[in-house]
Amino acid sequence: MITQESPAGRITRVAALGLWLVLTLFPLYWILVTAFKPTSDIYRFPLEYWPSTFSLENFTGLFSKANFGTYLVNSLVIATLSAAIVTMISLLSGYIIARFSFRARGAVILAFLVTQMIPAFIALGPLYQLMVSLGLVNDRTGLVFVYIAMCIPFSTIMLRGFFENVPDALEEAAMIDGCSRIGALFRILVPVMTPGIVAAFIFNFVSCWNELFLSVTLLTSDANKTVPTALNGFITSYNIDWGSMSAAAVLTIVPTMVMFAFASKYIVQGLTAGAVKG
Amino acid sequence: MSSSAPAIERRAAGSATPVPPPGGEATRRRREFSRRRALTITAFLAPAVAFVALFTYYPMLSGVFGAFRNWSIYNMENQSWVGLANFETILGDALFWKTIGNTVLWVVGSLVPQFVIGFALALWLRRRFRFRGVYQALIFFPWAVSGFLIGILFRWMFNGEFGVVNDLLMKTGIIDAPLPWLADPALAMPAIIVANVWYGVTFFAIMILAALQSVPDELYEAAALDGTTKARALWHVTIPYIRTTLTLIVLLRVIWIFNFPDLIFGMTGGGPAGQTHIVTTYMIEITQQGDYGRASALGILVLVVLMVFASFYLLATRERTQAR
Numbered sequence: 001m002i003t004q005e006s007p008a009g010r011i012t013r014v015a016a017l018g019l020w021l022v023l024t025l026f027p028l029y030w031i032l033v034t035a036f037k038p039t040s041d042i043y044r045f046p047l048e049y050w051p052s053t054f055s056l057e058n059f060t061g062l063f064s065k066a067n068f069g070t071y072l073v074n075s076l077v078i079a080t081l082s083a084a085i086v087t088m089i090s091l092l093s094g095y096i097i098a099r100f101s102f103r104a105r106g107a108v109i110l111a112f113l114v115t116q117m118i119p120a121f122i123a124l125g126p127l128y129q130l131m132v133s134l135g136l137v138n139d140r141t142g143l144v145f146v147y148i149a150m151c152i153p154f155s156t157i158m159l160r161g162f163f164e165n166v167p168d169a170l171e172e173a174a175m176i177d178g179c180s181r182i183g184a185l186f187r188i189l190v191p192v193m194t195p196g197i198v199a200a201f202i203f204n205f206v207s208c209w210n211e212l213f214l215s216v217t218l219l220t221s222d223a224n225k226t227v228p229t230a231l232n233g234f235i236t237s238y239n240i241d242w243g244s245m246s247a248a249a250v251l252t253i254v255p256t257m258v259m260f261a262f263a264s265k266y267i268v269q270g271l272t273a274g275a276v277k278g
Numbered sequence: 279m280s281s282s283a284p285a286i287e288r289r290a291a292g293s294a295t296p297v298p299p300p301g302g303e304a305t306r307r308r309r310e311f312s313r314r315r316a317l318t319i320t321a322f323l324a325p326a327v328a329f330v331a332l333f334t335y336y337p338m339l340s341g342v343f344g345a346f347r348n349w350s351i352y353n354m355e356n357q358s359w360v361g362l363a364n365f366e367t368i369l370g371d372a373l374f375w376k377t378i379g380n381t382v383l384w385v386v387g388s389l390v391p392q393f394v395i396g397f398a399l400a401l402w403l404r405r406r407f408r409f410r411g412v413y414q415a416l417i418f419f420p421w422a423v424s425g426f427l428i429g430i431l432f433r434w435m436f437n438g439e440f441g442v443v444n445d446l447l448m449k450t451g452i453i454d455a456p457l458p459w460l461a462d463p464a465l466a467m468p469a470i471i472v473a474n475v476w477y478g479v480t481f482f483a484i485m486i487l488a489a490l491q492s493v494p495d496e497l498y499e500a501a502a503l504d505g506t507t508k509a510r511a512l513w514h515v516t517i518p519y520i521r522t523t524l525t526l527i528v529l530l531r532v533i534w535i536f537n538f539p540d541l542i543f544g545m546t547g548g549g550p551a552g553q554t555h556i557v558t559t560y561m562i563e564i565t566q567q568g569d570y571g572r573a574s575a576l577g578i579l580v581l582v583v584l585m586v587f588a589s590f591y592l593l594a595t596r597e598r599t600q601a602r
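Line by line, the protein sequences give chains A and B.
For the first sequence, our numbering begins at 1 and goes up steadily by one.
For the second sequence, our numbering begins at 279 and goes up steadily by one.
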């Protein structure tokens, strides 16, 4: 209830929100601090909550000792390509679901919603078999195909929501003026919906950038590995080098955080709409 | 939701025949119109449906058949039908029963604190303040990080030797000696749940805040006129109003937490000695060992549980749509 707040209530609220903020940011802060410590300081007591010496050795080591540059490029290319194609495809499917009523509409929506509740990793073995028969195992293109399929349902549901926020009258007017349907979609609707489309692209990018189980299963050679696949290799080795690990984690997290910072408002909109809408 | 959808077509159809041309011409044009409409729908939907069908549904369905076969990467030639043998192996596996218990603990143990803290945060965030937007963006940050990486972050913090959690607990005098968090089965399970609670609270906070903001102010004004206290207003006005939305959020989260092996994978890999496996991490491990038949059988059990929750979810959605 938005009424006067008692002084005690105010103090509780500020303290609680402040505490939660600290708790939320601390793990991220800790990995950042660890990444910039020289190895000797990481494994020494007392633990330093602010590094006495800053070092870039963990970062440079990633590129000289491990092929981290290759992994980063692989992840970047795969995620960008997948996200671009998914956003394109789901722009079309989202448009159809938002604007037309037809017999299979309910079935398509249901089929897409079901994939949101059943995880992609449930059929890792059969998927691997399928990729073998298509000749797409250990092939980055193959992983792009799988990521496209993985992202389409949520992306469609999210974009459909944005389409429904745009009044029909806009494209009707264009079509009466002789614009084709595709023309109306791309020249009239897409410009109006740009923020939503960018948010969908970012969400798809982050999903692909972060994906682990499919890439671990489908990519085998070191040259094809994505960042999460490489990180998985780091933690399954006997001794974890926490300096390199932290540096790698920081390099993985930063791009997605920057993107989220730009689009978080729209992503929240999409999530709340997508999650609570049938 | 579909009420506005047909409007454009109806009007477009009307504009196609402003002055009806004589007889057969009108029918021909109408037929032409509906043919083009069907073509548009098919062409625009085809890529999305094709990808999902081939790379999501096809493997899932062949997994269903695979569960009843002897299907292992070490013996691909002989994929004989074995009936329910894969299921029997699973049900006779002591580790499987352990993972069932862990899954329940993982879902309930994560969900309850996530809900309680998330609800409290949402209530506190309801009042406008100067940096509320910034605050929300900041606490939303963990969502940009994958569950797997979150697991790695917490694996480092809960490290038995140089972990910051032990350091802080010792500084505050809660423990005297460092605890081997992830090496001790009795401590590893609480540790992964703590990490998951940390990760999930924000989602609850944001969803519940959105729900709280949907409650019309008039309801509170009426309650205030009647002299209702804040606590009573929360209990008798707010919660009943958003009850169905809360049910939906909780059901959705149950499904997601159940389906969330990523964090455990990064944090313990199911260890020590399989003691922190939940059903889904166990399934992935069996897949990686190459026993697709047994993994598929486990997959079917997972599917059955998910279907139950999903149908509850869809029922709740329907109830809400009808309530409007």
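For every residue, glycine included, the Cβ atom is placed at its ideal position computed from N, Cα and C.
Keep in mind the model is a prediction, meaning the values are calculated, not measured.
Just to confirm the assignment, what range does the alpha helix (DSSP H) spanning residue i have?
i: Thr516(B); result: It is not in any alpha helix (DSSP H) - Thr516(B) carries neither H nor E in the DSSP assignment.
i: Lys449(B); result: Val442 to Lys449
i: Phe26(A); result: Pro7 to Ala35
i: Tyr335(B); result: Taken as a continuous stretch (DSSP letters only), Tyr335(B) belongs to no alpha helix (DSSP H), as it is neither H nor E.
i: Leu317(B); result: Gly302 to Val330
i: Asn239(A); result: Per DSSP, Asn239(A) belongs to no alpha helix (DSSP H) and is neither H nor E.
i: Tyr71(A); result: Phe68 to Arg99
i: Tyr477(B); result: Pro463 to Leu490
i: Gln553(B); result: Counting along the chain, Gln553(B) falls outside any alpha helix (DSSP H), and DSSP gives it neither H nor E.
i: Ile430(B); result: Gly425 to Met435
i: Cys151(A); result: Arg140 to Glu164
i: Arg406(B); result: Note, Arg406(B): premise wrong, no alpha helix (DSSP H); not H, not E.
i: Lys508(B); result: Lys508 to Ala511
i: Pro126(A); result: Leu124 to Ser133
May I have the straight-line CA-CA distance separating residue i from residue j, to the nearest angstrom?
i: Val258(A); j: Arg140(A); result: 25 Å
i: Tyr62(A); j: Gly425(B); result: Looking at the sequence provided, one finds Leu at residue 62(A) rather than Tyr. Answer to the nearest angstrom: the Cα atoms are 22 Å apart.
i: Ile520(B); j: Val493(B); result: 8 Å
i: Gly571(B); j: Phe343(B); result: 9 Å
i: Ile286(B); j: Leu490(B); result: With a pLDDT of only 44 at Ile286(B), under the threshold of 50, the placement of this residue in the model should not be trusted; the figure read from the coordinates follows. Going by the C-alpha atoms only, they are around 34 Å apart.
i: Ser75(A); j: Ile368(B); result: 36 Å
i: Leu584(B); j: Ile533(B); result: 7 Å
i: Val268(A); j: Met485(B); result: 9 Å
i: Asn239(A); j: Gly233(A); result: 11 Å
i: Ala502(B); j: Trp513(B); result: 14 Å
i: Val166(A); j: Lys37(A); result: 51 Å
i: Thr381(B); j: Ala372(B); result: 14 Å
i: Lys449(B); j: Leu219(A); result: 45 Å
I'd like to check one pair, residue j with residue i: are the Cβ atoms closer than 7 Å?
i: Phe163(A); j: Tyr266(A); result: no
i: Ile556(B); j: Thr377(B); result: yes
i: Ala263(A); j: Ile197(A); result: no
i: Leu159(A); j: Ser55(A); result: no
i: Ala35(A); j: Ser246(A); result: yes
i: Ala469(B); j: Trp459(B); result: yes
i: Thr24(A); j: Ile417(B); result: yes
i: Ala326(B); j: Ser93(A); result: yes
i: Ala483(B); j: Gly411(B); result: no
i: Asn444(B); j: Pro456(B); result: yes
i: Gly577(B); j: Gly370(B); result: no
i: Leu497(B); j: Val472(B); result: no
i: Thr546(B); j: Thr554(B); result: yes
i: Gln392(B); j: Gly505(B); result: no
i: Val250(A); j: Leu32(A); result: yes
i: Ala111(A); j: Ser155(A); result: no
i: Ala184(A); j: Met193(A); result: no
i: Thr252(A); j: Val206(A); result: no
i: Pro539(B); j: Leu127(A); result: no
i: Val330(B); j: Ile152(A); result: yes
i: Ile297(A); j: Trp209(A); result: Nothing can be reported for residue 297(A): it is not among the residues displayed for chain A, which extend from 1 to 278.
i: Ala422(B); j: Phe260(A); result: yes
* Can you list, in chain order, the residues of the segment 17-48 of chain A whose Cβ is nearer than 9 Å to any Cβ on chain B? -> Sequence-ordered contacts of the segment 17-48 of chain A with chain B read Leu17, Trp20, Leu21, Leu23, Thr24, Leu25, Phe26, Pro27, Leu28, Trp30, Ile31, Thr34, Ile42, Tyr43, Arg44, Phe45, Pro46 and Leu47 [C-beta pairs closer than 9 Å].
* Asked: Taking Cβ-Cβ distances below 7 Å as the criterion, which residues of the segment 132-155 of chain A are in contact with chain B?
  -> Phe145, Val146, Ile148, Ala149, Ile152 and Pro153
* If you measure beta-carbon to beta-carbon, which residues of the segment 533-552 of chain B are closer than 8 Å to chain A? -> Of all residues in the segment 533-552 of chain B, Ile533, Asn537, Pro539, Asp540, Phe543, Gly544 and Gly547 have a Cβ within less than 8 Å of some Cβ in chain A.
* Between the segment 523-530 of chain B and the segment 416-436 of chain B, do three or more beta carbon pairs fall short of 8 Å? -> no
* Asked: Do the segment 590-598 of chain B and the segment 352-366 of chain B touch if we need at least three Cβ pairs shorter than 8 Å?
  -> no
* Contact the segment 146-157 of chain A vs the segment 65-84 of chain A: 3+ CB pairs below 8 Å -> yes
* **Cβ contact check for the segment 119-131 of chain A and the segment 184-197 of chain A: 3 or more pairs under 8 Å** => no
* Going along the segment 183-196 of chain A in order, which residues come within less than 8 Å of chain B, judged by CB to CB distance? -> Correct list: empty, as no residue qualifies.
* Asked: Would you say the segment 387-403 of chain B touches the segment 9-19 of chain A, given that touching needs at least three Cβ pairs under 8 Å?
  -> yes
* **chain B contacts made by the segment 210-228 of chain A, where a contact means CB separation under 9 Å** => Asn210, Glu211, Leu212, Phe213, Val216, Thr217 and Pro228
* To do: Report the residues of the segment 358-387 of chain B with a CB closer than 9 Å to any CB of chain A, ordered along the chain.
  => none
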